[in-house]
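Novice: For reference, the structure I am asking about is given below.
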Amino acid sequence: MSTSDPTSVVAPGVVARQGFSRAFGDTPEFSARAPGRVNLIGEHVDYNEGIVLPVAVQNEIAVAFKTRADGRVRVFSDNFQETAEFQIADLAPGSVVGWAAYPAGVAWALAQQGLAPRGLDAAVAGNIPIGGGLSSSAALELAFAAAFQRVTGFDIPNLELARLCQQAENHYVGVNCGIMDQIAVACAEAGRALLLDCRTLEIRQIPLPQSVRIVVLDSGVKRELRSSEYNRRRRECEEAVTRLAAVDPDVRALRDVLPGVLPSMLRHLPPPLDRRARHVVGEIERVMLAAVALEHGEIERFGELSFASHRSLRDDYQVSCDELDALVELARQAPGIIGARLTGAGFGGCTVNIVSVALAEDFLEYVRAGYERLFGQQPSAFVTTASPGLSVDSLQS
Ligand code: GLA
790 MSTSDPTSVV
800 APGVVARQGF
810 SRAFGDTPEF
820 SARAPGRVNL
830 IGEHVDYNEG
840 IVLPVAVQNE
850 IAVAFKTRAD
860 GRVRVFSDNF
870 QETAEFQIAD
880 LAPGSVVGWA
890 AYPAGVAWAL
900 AQQGLAPRGL
910 DAAVAGNIPI
920 GGGLSSSAAL
930 ELAFAAAFQR
940 VTGFDIPNLE
950 LARLCQQAEN
960 HYVGVNCGIM
970 DQIAVACAEA
980 GRALLLDCRT
990 LEIRQIPLPQ
1000 SVRIVVLDSG
1010 VKRELRSSEY
1020 NRRRRECEEA
1030 VTRLAAVDPD
1040 VRALRDVLPG
1050 VLPSMLRHLP
1060 PPLDRRARHV
1070 VGEIERVMLA
1080 AVALEHGEIE
1090 RFGELSFASH
1100 RSLRDDYQVS
1110 CDELDALVEL
1120 ARQAPGIIGA
1130 RLTGAGFGGC
1140 TVNIVSVALA
1150 EDFLEYVRAG
1160 YERLFGQQPS
1170 AFVTTASPGL
1180 SVDSLQS
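This is how it looks when you write it as structure tokens:
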């Protein structure tokens, strides 16, 4: 969930502070900001204990806030132009719905850990497109986790805040996401991609070359089936693990199937479980190869792995759609392209493109025109560098 108009040129932090003054007739004490994220490679592997490589984008959510003496929370959303209110002690899964379920879920998850967050007044603004696959929900959660942390005086490391936010999303909001989005938002660093092992939660920050830009293209397709199909893929992976564990008890997740033994293991999986497993095992290997390629400055190799990831998501994991496939095909023919693939859950949403800085404008012109010819509308585009993760500032000296 994001708030505010993605095309607005006013920084979300400024909009949030102004919104706070209008909504509460007061001045905020602090401001938290949390970026969206785009995954460069490693799709649908976080919940298979695999490895992912996201970066934080420049689009972000800002929350201006002030401590309250009681356990009440009031949140004004600039985008929805409404204020939601709840009492932390009264929260139970599902008790707050809509955009306010995210801050409520975070307060609930903290309380579940016995952390007793204090109440606050807050105003939210942002420019991450809602439902576009750039993790506006994780950004909203992390910005509020940081806000509750600041007003209550916890000292929880960002990695742990990310896990609490995943709990909020899984058990309060009711979305069965993996851990990638929250950790990317919480722990990203400027100029670097975050190599995350979703089994051990070990992180390695890998510098991105200055010679490339990350271009996110939004197909504009918002599919209702995204969450039902996402859950179905998760169940298929679990089913594949159950069957493979009967053959080899060391297989606890698809992560445990090494590429070398994959062909013999596939014999034990009926369709479509064999395709799903082939994607996951191949994708984890591609992430490792992509990380090595980046570290060795082999950006062309990185690009090839990106295209291979898209093919696997399209043919084996079956989470693409015509619009995403067209965006990747157009990108392949466009000037300056290094690599392109669908990013996030799929079934619509965005592609991520690695493009030479010098040709970024030509690239955009080519893809926009081609997409318009095919689908009658231009895709929205975000050109970004790898941005810093979650932060909080004091607004009063
Ligand atoms: C969504 C989920 C993530 C991840 C991706 C697919 O973004 O929130 O946890 O599973 O899909 O890689």
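Per the numbering used here, the very first residue in the sequence shown carries number 790; after that it's consecutive. Note that the Cβ used here is the ideal one computed from N, Cα and C, for glycine as well. Predicted, not measured: the structure shown is a model, and the values here were computed from it.
1) Can you list, in chain order, the residues of its chain whose CB lies under 7 Å from that of G1133, leaving out five sequence neighbours each side?
2) In the DSSP assignment, the beta strand (DSSP E) including D1007 goes from what residue to what residue?
3) Excluding five sequence neighbours on each side, which residues of the same chain lie with their C-beta closer than 7 Å to the C-beta of V1040?
4) Terminal residues of the continuous beta strand (DSSP E) containing N1142?
5) Taking the alpha helix (DSSP H) that D1114 falls in, what are its first and last residues?
6) What are the partner residues of G1189, as DSSP defines its beta bridges?
7) So, A1115 versus L1153, is the Cβ gap smaller than 8 Å?
8) Just to check, is the beta-carbon of C966 closer than 7 Å to a non-hydrogen atom of the ligand GLA?
9) May I ask which residues mark the beginning and end of the alpha helix (DSSP H) holding P801?
10) Just to confirm, are V852 and A889 a CB contact at a threshold of 8 Å?
11) Tell me K855's beta-bridge partners as DSSP assigns them.
12) I need the DSSP call for P996, collapsed to helix, strand or coil.
13) What do you get for S1020, buried or exposed, if any count of 16 or more other CB atoms within 10 angstroms of its CB means buried?
14) In or out: V886 buried (at least 16 other Cβ within 10 Å) or exposed?
15) Could you tell me the boundaries of the beta strand (DSSP E) in which Q876 lies?
16) Give the single residue among P843, V841, Q807 and I1126 whose Cα lies nearest to the Cα of R1002.
17) Between V1144 and V1172, what straight-line distance do the alpha-carbon atoms span, to the nearest angstrom?
18) Going along the chain, which residues of its own chain have a beta-carbon closer than 6 Å to the beta-carbon of G1159, five neighbours each way excluded?
19) Do G839 and E1072 count as a contact pair if the criterion is CB distance below 8 Å?
20) When the Cα of V799 is compared with those of S866, N916 and S820, which residue comes out closest?
21) With DSSP as the reference, label L948 as helix, strand or coil.
Specialist: In brief:
1) Taking the sequence shown and counting its residues from 1, one reaches residue 1133 at position 344. The residues are N828, G922 and C1139.
2) The count along the sequence shown starts at 1 and reaches residue 1007 at position 218. V1001 to D1007 is the extent of the beta strand (DSSP E) around D1007.
3) On the sequence shown, residue 1040 is found 251 positions in, with the first residue counted as 1. The beta carbon of V1040 sits closer than 7 Å to those of V1030, L1033, A1034 and V1046, all from its chain and outside the five residues before and after it, given in chain order.
4) Reading the sequence shown from its first residue, position 353 is the one you call residue 1142. Residues C1139 to S1145.
5) Residue numbering aside, residue 1114 sits at position 325 when the sequence shown is read from its first letter. Under the DSSP assignment, D1114 falls in the alpha helix (DSSP H) whose first and last residues are D1111 to Q1122.
6) Missing from the structure shown is residue 1189; the chain here goes from 790 to 1186 and no further.
7) Reading the sequence shown from its first residue, position 326 is the one you call residue 1115. Reading the sequence shown from its first residue, position 364 is the one you call residue 1153. No. Outside cutoff.
8) Taking the first residue of the sequence shown as position 1, residue 966 is located at position 177. Indeed, a heavy atom of the ligand GLA lies less than 7 Å from the Cβ.
9) For the purposes of this step, residue 801 is taken as the residue at position 12 of the sequence shown. Taken as a continuous stretch (DSSP letters only), the alpha helix (DSSP H) holding P801 covers P801 to F813.
10) The residue you call residue 852 lines up with position 63 of the sequence shown. The residue you call residue 889 lines up with position 100 of the sequence shown. No, Cβ-Cβ distance for V852 and A889 is not below 8 Å.
11) For this step, residue 855 is matched to residue 66 along the sequence shown. K855 pairs with D910.
12) If you number the sequence shown from 1, residue 996 lands on position 207. Residue state, collapsed to three classes: strand.
13) In the sequence shown, the residue the question calls residue 1020 occupies position 231. According to the sequence as given, residue 1020 is Asn; it is not Ser. The residue in question, N1020, is exposed, as its Cβ has fewer than 16 Cβ neighbours within 10 Å.
14) As a working mapping, residue 886 is identified with position 97 in the sequence shown. Classification for V886: exposed.
15) To locate residue 876, count along the sequence shown from 1; it is residue 87. Q876 -> beta strand (DSSP E) spans E871 to Q876.
16) If you number the sequence shown from 1, residue 1002 lands on position 213. The shortest C-alpha separation from R1002 is found at I1126.
17) Translated into the one-based positions of the sequence shown, residue 1144 becomes position 355. Translated into the one-based positions of the sequence shown, residue 1172 becomes position 383. Looking at the two C-alpha atoms, the distance is approximately 10 Å.
18) Working through the sequence shown from its first residue, we reach residue 1159 at position 370. Same-chain partners within the cutoff: L1119.
19) The count along the sequence shown starts at 1 and reaches residue 1072 at position 283. The count along the sequence shown starts at 1 and reaches residue 839 at position 50. Yes.
20) Start at 1 with the first residue of the sequence shown, and residue 799 comes out as number 10. Per the Cα distances, N916.
21) Position 159 of the sequence shown, counting from 1, holds the residue named residue 948. Helix at L948.
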